[in-house]
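Just so you know, the sequences run in chain order A and B. Following this note's numbering, the numbering of the first sequence begins with 34 at its first residue and continues without gaps. Following this note's numbering, the numbering of the second sequence begins with 56 at its first residue and continues without gaps. Beta carbons are placed, not taken as given, at the ideal position from N, Cα and C, and that holds for glycine.
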Amino acid sequence: MVGKKKRFWRMARVLLVIPFVIVLAPYDLIVSEKQPGPLYEMLWYSVFGRITAKELQTIVMSMEMLGVLFLFALLFGTWISSHFDGNSHMTFTRIARREMWSLKRILEVWGLAALYAAAFLGLKLILDIRRVEAWSLDRRLAGAVCTIFGMVFPLLALICLASNWIAIHKGIAIGVLVSFAAVLVLMELAINWFDAPAMTVLNPLCANLRILDTPELAALKVGVNIGYLLLVTAGMVLDIKYRDIF
Amino acid sequence: MEHVLKAEHVTKIIKKKEILKDISLELRGGKIYGFVGENGSGKTMLFRALSGLIRPTSGTVLLDGQDIHRSHPPAKIGVIIENSAMWPDLTGMENLLYLSALNRYISKEEVRNQMARVGLDPENRLPVRKYSLGMKQRLIVAQAVMEKPDFLFLDEPTNAIDKDGVVIIRWIIEEEAKRGAVVLMASHVSQDVSDLCSEVYFMEEGRCSRSL
Numbered sequence: 034m035v036g037k038k039k040r041f042w043r044m045a046r047v048l049l050v051i052p053f054v055i056v057l058a059p060y061d062l063i064v065s066e067k068q069p070g071p072l073y074e075m076l077w078y079s080v081f082g083r084i085t086a087k088e089l090q091t092i093v094m095s096m097e098m099l100g101v102l103f104l105f106a107l108l109f110g111t112w113i114s115s116h117f118d119g120n121s122h123m124t125f126t127r128i129a130r131r132e133m134w135s136l137k138r139i140l141e142v143w144g145l146a147a148l149y150a151a152a153f154l155g156l157k158l159i160l161d162i163r164r165v166e167a168w169s170l171d172r173r174l175a176g177a178v179c180t181i182f183g184m185v186f187p188l189l190a191l192i193c194l195a196s197n198w199i200a201i202h203k204g205i206a207i208g209v210l211v212s213f214a215a216v217l218v219l220m221e222l223a224i225n226w227f228d229a230p231a232m233t234v235l236n237p238l239c240a241n242l243r244i245l246d247t248p249e250l251a252a253l254k255v256g257v258n259i260g261y262l263l264l265v266t267a268g269m270v271l272d273i274k275y276r277d278i279f
Numbered sequence: 056m057e058h059v060l061k062a063e064h065v066t067k068i069i070k071k072k073e074i075l076k077d078i079s080l081e082l083r084g085g086k087i088y089g090f091v092g093e094n095g096s097g098k099t100m101l102f103r104a105l106s107g108l109i110r111p112t113s114g115t116v117l118l119d120g121q122d123i124h125r126s127h128p129p130a131k132i133g134v135i136i137e138n139s140a141m142w143p144d145l146t147g148m149e150n151l152l153y154l155s156a157l158n159r160y161i162s163k164e165e166v167r168n169q170m171a172r173v174g175l176d177p178e179n180r181l182p183v184r185k186y187s188l189g190m191k192q193r194l195i196v197a198q199a200v201m202e203k204p205d206f207l208f209l210d211e212p213t214n215a216i217d218k219d220g221v222v223i224i225r226w227i228i229e230e231e232a233k234r235g236a237v238v239l240m241a242s243h244v245s246q247d248v249s250d251l252c253s254e255v256y257f258m259e260e261g262r263c264s265r266s267l
């Protein structure tokens, strides 16, 4: 396989989320006073942020979570679109079944998003365990970890694929700009209609703690996020299959 | 087996403009076909349509009897299209190995030989972004011919290449035709067309006619 080492280091960039999170939230490393918990709730708020005193907490939520999302899109926003530059005809005259090729590339993005989400969530969990008075690996915590992963991983993949898809048509600058703008709009809607049931389920950036109240709601939320991801995946595969390569 | 390229009433319309107009061709292996015409006459678009990069609005392209958009495995095609670029951060050898891995028609050793054939050093560790224009063009020629394609589409293959390099590239093109490939070449260099091509087609405003 060509450039195995180079390819490995390109994928290893998923680990950049670790120093990124540490730099953004150094206070997480300093444990002055332990919190009573529960751990699953602390983890939820440390991943998604908290809306209490509207303006200040809104900024905190936006900055940290958005930064994590945008970093992934910046690192892998050309994973697929880079094949559509001046080298596109050399690749696509060698491939009879573009749909298989594009599906493979898209599933690579899925894999990278899963790794990135796992690294991010793993770090957050370790930092929060240090801050909580007592914790145990119970069903509630396991459920929260699975739900958070099920929400974050498709979201990362969605933003990255959207960036790539738009970049194929309009260039990387537009791809990044439009996908970031869409994230900001969704984030604003999530903040302003935080408690609306439809917003809780349908907006991938709405992280209301009520999602953890029942397994059914958590499963629905994860299912909707994965549904969006499957839709974008299908759209991209068909677009690449039938588009003219210039 | 003699390779045959057939284009049947190929038309391409983009944004309501007819870029290719009802083009029909039958081209056979063992020959080099020249395509000449002004800028914007449709040469490059025709090559894109014949190599399967774009779908005609109407008409079909058959390579050895198979519709190019339906055949699996793919016909062996080599292409040089205007504004070609390799992956800038990979070396020349890495670029060729990546492309050869898509179908695994040839070994790493053969890739190395093909790179040397166009006058480039396979051991050169420079990334392609540091190559001269002539080196980049030689590498692009190497990727087009390395898998011994049955159909070769060459759009300005000697562009930016020095005199010695032109001799090598012309020799390679002749070798490919002798091997039995169907070779199509678009060039503004009249010497290339007159010396290499056994038949010449003239493109004008999307139409193609055989030059007498």
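C-alpha distance - residue i paired with residue j, whole-angstrom precision
i: Arg276(A); j: Val142(A); result: 21 Å
i: Val196(B); j: Leu101(B); result: 19 Å
i: Glu97(A); j: Ala223(A); result: 15 Å
i: Ile216(B); j: Leu107(A); result: 37 Å
i: Arg193(B); j: Ala45(A); result: 33 Å
i: Thr124(A); j: Ser155(B); result: 10 Å
i: Thr112(B); j: Thr66(B); result: 6 Å
i: Thr126(A); j: Phe208(B); result: 11 Å
i: Tyr153(B); j: Ser249(B); result: 35 Å
i: Asn120(A); j: Ala167(A); result: 56 Å
i: Val222(B); j: Val200(B); result: 16 Å
i: Met170(B); j: Leu250(A); result: 59 Å
i: Phe186(A); j: Pro204(B); result: 42 Å
i: Gly110(A); j: Ile201(A); result: 10 Å
i: Arg265(B); j: Lys76(B); result: 15 Å
i: Ile139(A); j: Leu194(A); result: 7 Å
i: Leu239(B); j: Leu99(A); result: 51 Å
i: Asn258(A); j: Leu157(B); result: 33 Å
i: Leu148(A); j: Trp77(A); result: 19 Å
i: Asp219(B); j: Arg172(B); result: 13 Å
Contacts that residue i makes with chain A (C-beta to C-beta distance below 9 Å)
i: Pro182(B); result: What Pro182(B) touches in chain A: nothing, since even the nearest Cβ is about 10 Å away.
i: Gly89(B); result: The premise fails here: Gly89(B) is roughly 20 Å from chain A at the closest Cβ pair, so nothing lies under 9 Å.
Residue from the options with nearest C-alpha to residue i
i: Ser242(B); options: Ser113(B), Arg167(B), Gly89(B); result: Gly89(B)
i: Pro71(A); options: Met133(A), Arg164(A), Trp198(A); result: Arg164(A)
i: His58(B); options: Asp119(B), Arg265(B), Gly97(B); result: Asp119(B)
i: Gly114(B); options: Glu63(B), Val222(B), Cys263(B); result: Glu63(B)
i: Leu235(A); options: Leu49(A), Arg243(A), Lys254(A); result: Lys254(A)
i: Val216(A); options: Ser79(A), Glu74(A), Leu104(A); result: Leu104(A)
i: Val265(A); options: Leu136(A), Asp228(A), Asn241(A), Gly204(A); result: Leu136(A)
i: Gly176(A); options: Leu48(A), Arg40(A), Glu74(A); result: Glu74(A)
i: Lys39(A); options: Gly97(B), Ala130(B), Asn150(B); result: Asn150(B)
i: Glu10(B); options: Lys86(B), Leu108(B), Trp142(B); result: There is no way to answer for residue 10(B), as the model of chain B reaches only from 56 to 267.
i: Val56(A); options: Leu156(A), Thr233(A), Lys203(A); result: Leu156(A)
i: Arg103(B); options: His122(A), Leu102(A), Leu49(A); result: His122(A)
i: Glu93(B); options: Ser245(B), Lys203(B), Gly220(B), Met148(B); result: Ser245(B)
i: Val80(A); options: Val270(A), Phe53(A), Ile181(A); result: Ile181(A)
i: Ile273(A); options: Pro237(A), Ile259(A), Asn197(A); result: Asn197(A)
i: Val134(B); options: Ala232(B), Ser106(B), His124(B); result: Ser106(B)
Residues bridged to residue i (per DSSP)
i: Ala241(B); result: Phe90(B), Asp210(B)
i: Pro182(B); result: Thr146(B)
i: Met32(B); result: This structure cannot settle anything about residue 32(B), because the visible part of chain B is limited to 56 through 267.
i: Leu122(B); result: Note on identity: in this sequence residue 122(B) is Asp, with Leu being the wrong assignment. According to DSSP, Asp122(B) bridges with Leu117(B).
i: Leu82(B); result: Leu60(B)
i: Gly133(B); result: Leu207(B)
i: Glu281(B); result: In the structure as shown, chain B starts at 56 and stops at 267, and residue 281(B) therefore has no counterpart that could be examined.
i: Val248(B); result: Val248(B) is not bridged to any residue.
i: Gln68(A); result: Val165(A)
Partner residues on chain B for residue i, Cβ-Cβ distance less than 7 Å
i: Ile205(A); result: Those do not exist, as Ile205(A) stays about 14 Å from chain B at its closest Cβ, beyond 7 Å.
i: Ile278(A); result: Leu108, Ile109
i: Arg246(A); result: A small correction: the amino acid at residue 246(A) is Asp; Arg does not occupy that position in the sequence shown. Ordered by position in chain B, no residue passes the 7 Å Cβ test against Asp246(A), which lies about 49 Å from the chain.
i: Asp118(A); result: Ala140
Interface residues of chain B facing residue i [CB-CB closer than 8 Å]
i: His122(A); result: Arg103, Ser106, Leu108, Val134, Ile136, Ser139
Neighbour list for residue i in chain C, Cβ cutoff strictly below 7 Å
i: Asn158(B); result: This model lacks chain C altogether, as its protein chains are A and B.
Chain B contact residues for residue i, given Cβ-Cβ distances below 9 Å
i: Gly110(A); result: None at all; the shortest Cβ gap to chain B is about 16 Å.
Closer than 8 Å at the beta carbon, the chain A residues around residue i
i: Leu154(B); result: Met123, Thr124, Arg127
i: Gln198(B); result: Met123
(request) Taking only runs that begin and end inside the stretch 90 to 129 of chain A, name each unbroken alpha helix (DSSP H) of 4 or more residues, in chain order. (result) 121 to 125
(request) With a floor of 4 residues, list each alpha helix (DSSP H) that falls wholly inside the stretch 200 to 236 of chain A, ordered by position along the chain. (result) 205 to 225, 230 to 235
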